[in-house]
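According to this note's numbering, the sequence shown is numbered sequentially starting from 761.
Structure first, then comments.
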Amino acid sequence: MRLIFIENDPLALKLFMQLFHLQTHSMRIEHVISSGIAALQNLEIYDRFDAVVMDMHLGDIEGPSVAWQIRRVNDTTPIIGVTSLPLTHYLSAAQQAGMQDLQAKKDITDIITSIQRIRTGRIPDGFESPENAFRRLQLQRDAPMPLTRTQTMIMNYIAQGYTDQQIAEHMHCTRETARKHRQNCLKRLGANNTVEGVIQWQNINRFFKFD
């Protein structure tokens, strides 16, 4: 079984692959992608693999946002999320994004078992098959555009009422850079002003249901 793994931490990746390959000979991680942005560069690549294993906390774009965009164009390849955080933190987001399961990253045996079961059509309770998730997401014409990790931080500050100067102090950058960050966030969200941007940002949080 051919797998693709999306993980931004090189040390975590090395350890995971060593443990993974020690515990199974029927699966191989044949391709690795090291960031959320890179994972979205070629969405057709996921058709070539039997399953996607994805860290939920990537360095730039959160895993559920990446999975959501993959699932909107792919109705066959299972996506299994892994995380070091409590599963409840990402559970709703993983389900909403069209993933097929969420497992603790340290539980390699459970991850392998999950992949095997999903490939035989046994989807965990609360999750959908790739095909059903694909169909559901096709109906979400007004779904929001996910943000990068930096943009997520900026919007969190903006939503709390921070000025450009305050954002600059927290981000360790100049006020002008903070202002450009704000403008880029609003542009990506399709907002004409800060108020519209905050509303759209709140919609994104509700859409993915982050706890």
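The beta-carbon is built from N, C-alpha and C at its ideal position, and this holds for glycine as well.
Item                                                                                                                                                       : Value
Roughly how far, in whole angstroms, is the beta-carbon of A826 from the beta-carbon of M814, given that I think they are within contact range, below 8 Å? : Per the sequence shown, residue 826 should be read as Val rather than Ala. The pair is a contact, with the Cβ atoms about 7 Å apart (cut-off 8 Å).
Quick one: what does DSSP say Q783 is sitting in, helix, strand or coil?                                                                                   : helix
Thinking C-alpha only, which one of T880, P884, P890 and R879 is nearest G858?                                                                             : P890
Please state the DSSP three-state secondary structure of Q943.                                                                                             : helix
Classify L775 as helix, strand or coil using the three-state DSSP reduction.                                                                               : helix
Based on Cα-Cα distance, which residue from L803, Q926 and I914 lies nearest to L946?                                                                      : I914
Could you give the distance in angstroms between the alpha-carbon of F894 and the alpha-carbon of P838?                                                    : 11 Å
Would you check if the distance between the CB atom of Q860 and the CB atom of G886 is smaller than 7 Å?                                                   : no
Please classify K865: is it buried, with 16 or more other beta-carbons within 10 angstroms of its beta-carbon, or exposed?                                 : buried
Between S874 and I927, is the Cβ-Cβ spacing less than 7 Å?                                                                                                 : no
Just to check my reading of the structure: I959 and R942 have Cβ atoms closer than 8 Å, yes? What is that Cβ distance to the nearest angstrom?             : At roughly 15 Å, the Cβ-Cβ gap does not stay under 8 Å, so I959 and R942 are not in contact.
Report buried or exposed for V812, applying the criterion of at least 16 other Cβ atoms within 10 angstroms of its Cβ.                                     : buried
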